[in-house]
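K.L.:
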Amino acid sequence: MFTKDEKNSSESETIIGPSVQVEGNFNGEGNIIVEGQVSGSLKTKGDLRIGTNAKIKADIEARNIFNAGEIRGSTVIAKDKIELTKTAKVNSNVKASVISIEAGAIINGKVNMSQEAAEESQPLELQDKKEKNNRK
Numbered sequence: 004m005f006t007k008d009e010k011n012s013s014e015s016e017t018i019i020g021p022s023v024q025v026e027g028n029f030n031g032e033g034n035i036i037v038e039g040q041v042s043g044s045l046k047t048k049g050d051l052r053i054g055t056n057a058k059i060k061a062d063i064e065a066r067n068i069f070n071a072g073e074i075r076g077s078t079v080i081a082k083d084k085i086e087l088t089k090t091a092k093v094n095s096n097v098k099a100s101v102i103s104i105e106a107g108a109i110i111n112g113k114v115n116m117s118q119e120a121a122e123e124s125q126p127l128e129l130q131d132k133k134e135k136n137n138r139k
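Residue numbers (our numbering): 4 to 139.
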C-alpha cells in the first residue's frame, strides 16, 4: 500500500461504494476509492484505490493506482506508481514510472514503465506548452 504523508492525509477522498454504479466522465482532485462500478473515464490528481470487487470499464489517470479489482479500458496511466495485487485483472495498456505486480495478477495489454511514459501521458495542452517553451 502507499505510505501516507502529511500531504496525502489532508486530501479529500471520494468513495464509490460497492452498490454504486457511475457512468460518464469522472474527474477529481483528491483521492478516490472505488468499491463499485465505473464506466467511461476516471481521472484524478490524487491516488486511486480499486477494491477487490470493483469493476472499472474506463480509461484511468491518477497519481498512484492501487488495484485489487478489474479494469477494462484502452489506457491506465499512473503518474508515479501502479500496484497490482494478486486479485487484480487489467485488460488495458498500462503506463507508469514504477509498476509493482504481485504473483497472481493478470495483465492483458502493453506495459510501458519509465519516467518518460508518465511524462508522455500528460494532457496534450501541457505537452504543447512544454514544446513551446523548449522552442524559445
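All C-beta atoms in this analysis are idealised placements derived from N, C-alpha and C, irrespective of residue type, glycine included.
The model shown is predicted, which means the values in this text are computed figures rather than measured ones.
Relative to the C-alpha of SER77, which residue among ILE85, LYS60, VAL23 is closest?
P.N.:
Measuring from the Cα of SER77, the nearest candidate turns out to be LYS60.
K.L.:
Between which residues of its own chain and VAL114 is the CB-CB distance below 6 angstroms, once the five residues before and five after are set aside?
P.N.:
Contacts found: VAL97.
K.L.:
Can you name the residues that DSSP bridges to THR47?
P.N.:
Paired residues: GLY31.
K.L.:
Is ALA57 closer than 8 angstroms to ALA81 when the C-beta atoms are compared?
P.N.:
For ALA81 and ALA57, no; Cβs fall outside 8 angstroms.
K.L.:
What span of residues does the beta strand (DSSP E) with VAL23 cover, start to end?
P.N.:
Careful: VAL23 lies outside any beta strand (DSSP E) and carries neither H nor E.
K.L.:
To the nearest angstrom, report how far apart SER22 and SER117 are at their CA atoms.
P.N.:
Going from the Cα of SER22 to the Cα of SER117 covers about 36 angstroms.
K.L.:
Could you tell me whether the Cβ of ARG66 comes closer than 8 angstroms to any Cβ of chain C?
P.N.:
Absence of chain C from the displayed structure is noted, only one protein chain being present.
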